[in-house]
Amino acid sequence: MDAVIPHRLPQTSDGPADPPRIAVVMVNWNGWQDTLTGYESLAKSTYPAWELIVVENGSTDDSVTRLRGDRPRFHLVESPTNLGFAGACNVAVQAARERGADYVYFLNNDAAAEAGTLDTLAATSKSLDDAAVLGSVIRFSDDRSLQFWGSRQSKDGLPIWTPPSEERFAEAPALIESDFIMGASLFVPMPILDSVGPFDDRFFLNYEETDWCYRARAAGHRCLVVKDALVVHQGGATIGPPQGPMQIYFMRRNVLLLAEKHCTPRQYARLYVRQVLSIFSRLLRSMIGPGNDPRYSRTASWANAVATRDYMFRRFGDCPPIIRARAAKHRASI
428 MDAVIPHRLP QTSDGPADPP RIAVVMVNWN GWQDTLTGYE SLAKSTYPAW ELIVVENGST
488 DDSVTRLRGD RPRFHLVESP TNLGFAGACN VAVQAARERG ADYVYFLNND AAAEAGTLDT
548 LAATSKSLDD AAVLGSVIRF SDDRSLQFWG SRQSKDGLPI WTPPSEERFA EAPALIESDF
608 IMGASLFVPM PILDSVGPFD DRFFLNYEET DWCYRARAAG HRCLVVKDAL VVHQGGATIG
668 PPQGPMQIYF MRRNVLLLAE KHCTPRQYAR LYVRQVLSIF SRLLRSMIGP GNDPRYSRTA
728 SWANAVATRD YMFRRFGDCP PIIRARAAKH RASI
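Number 514 in the working numbering belongs to position 87 of the sequence shown; there are no gaps in the numbering.
Shown next as structure tokens:
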């Protein structure tokens, strides 16, 4: 099950106190190239006490073979099945706990942290008495435009990402309040993970970190984006493009689960009715002709309907196989 590397998280003994130990967590699903590239980027980190924990999440390619082997600061945990991002992260947290980590840093395998990001996040957490959930600024890898630097809850109780305005970002404080931290770059002290509990694996992927952060905030922990910490992110390497069938399925199903858990009854009812009505409006528009808007293609409208149906029948976890088949076909056509 476990490809165990014969060392634990790095420890130093030069100074009066060893630096806190950071377990960086990556989930791999058919993306070993991205994972190894991410590992190589971590090797440039100036922080002395980190280790990468990779959960090989039931890949169907040759990821297991590619990722096995003795690499410094690299610990591989193999799952025979796809646990989703949520389930794989729960497995990784347990491994990090057993290996003596003080912090867990969830980092997408198609993301790269700048050399000083771990130092900045660890120092910021310590300055806040390890009482907050932290994230970095995230920029797209292709053009370095802003992807995520904060979010707020709307009147419907759901997250609205802060618009990618460079002017507004330049004026933002060093610590930016947010209603959640994006899971592509999520830094959490181990005691907070212990108290808040695991990710809800019903989400499988998408909104699992939002749900977890809402629970952390309900327990009294702030969610803060650290302006001086930076990660660049490819995005969509595993789940596909924003209007692809798999992305639509998980987003539309899971937003209802998120609302069920965290919204008021009125907010939840409004969202539920709106989503059910959208099935008919999207299908109608797809039959009339979506034009150039991919949201109203027949594939997108169908994925929306399947997602809503599965939520109604309490079918959580992974998506139906036909969604993955349609997603593969969609990606091949792009």
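Where a beta carbon is used, it is the ideal one built from N, C-alpha and C, also for glycine.
- Counting only runs of 3 or more residues that sit fully inside the stretch 449–487, the beta strand (DSSP E) segments are 449–455, 477–484, in chain order.
- Note: Phe501 is bridge-paired with Leu479 in the DSSP secondary-structure output.
- Taking the Cα of Ala542 as reference, the smallest distance to any Cα among Leu657, His648, Pro499 is reached at Leu657.
- Here the stretch 498–511 does not lie against the stretch 558–567, with fewer than 3 beta-carbon pairs under 8 Å apart.
- Using a Cβ-Cβ distance cut-off of 8 Å, the stretch 690–700 and the stretch 562–579 are not in contact, since fewer than three pairs of beta carbons, one from each stretch, lie closer than that value.
- Taking the CA atoms as reference points, Val491 sits about 43 Å from Ala597.
- Leu585 and Asn455 have their C-alpha atoms spaced approximately 28 Å apart.
- The beta strand (DSSP E) runs of length 3 or more contained entirely in the stretch 632–682 are, from start to end of the chain, 650–660.
- The three-state secondary structure of Ile587, taken from DSSP, is strand.
- Counting only runs of 3+ residues, the beta strand (DSSP E) found wholly inside the stretch 501–578 occupies 501–506, 530–534, 538–540, 560–567, 573–575, in chain order.
- Going by beta carbons, Ser728 and Arg709 fall inside the 8 Å limit.
- Beta-bridge pairing by DSSP links Glu604 to Leu651.
- The criterion of a C-beta distance shorter than 8 Å is satisfied by Ala730 and Tyr676.
- In the same chain as Ala601, and ignoring 5 residues on each side of it, the C-beta atoms closer than 6 Å to its own belong to Lys654, in chain order.
- Only residues of its own chain outside the window of five on either side were considered, and among them Val452, Cys516, Gly610, Leu613 have a CB closer than 7 Å to the CB of Phe533, listed in chain order.
- For Asp546, the closest C-alpha among the options Ile449, Thr735, Asp497 is that of Ile449.
- Remark: C-beta atoms of Asp529 and Met673 do not approach each other more closely than 8 Å.
- Between the alpha carbons of Asn536 and Ile608 lies a distance of about 17 Å.
- Under the 10 Å beta carbon count, Val682 is surrounded by 16 or more other beta carbons and is classified as buried.
- When the Cα atoms are used, Ser724 and Val520 turn out to be separated by approximately 39 Å.
- Leaving aside the five residues that flank Pro499 on each side, none in its chain has a CB nearer than 6 Å to its CB.
- For Pro446, the secondary structure class from DSSP, reduced to helix, strand or coil, is coil.
- The residue from Thr726, Leu463, Pro625, Phe630 with its alpha-carbon nearest to that of Asp497 is Leu463.
- Considering only Ala540, Pro591, Thr735, the residue with the shortest C-alpha distance to Gln661 is Ala540.
- The alpha carbon of Ser468 has as its nearest neighbour, out of Lys582, Ile603, Tyr641, Ala538, the alpha carbon of Ala538.
- Residue environment analysis places Pro447 among the buried positions, since at least 16 neighbouring C-beta atoms fall within 10 angstroms of its C-beta.
- For Ala522, the closest C-alpha among the options Asp627, Ser552, Leu479 is that of Leu479.
- In this structure, DSSP gives Phe614 an extended state, which the three-state scheme calls strand.
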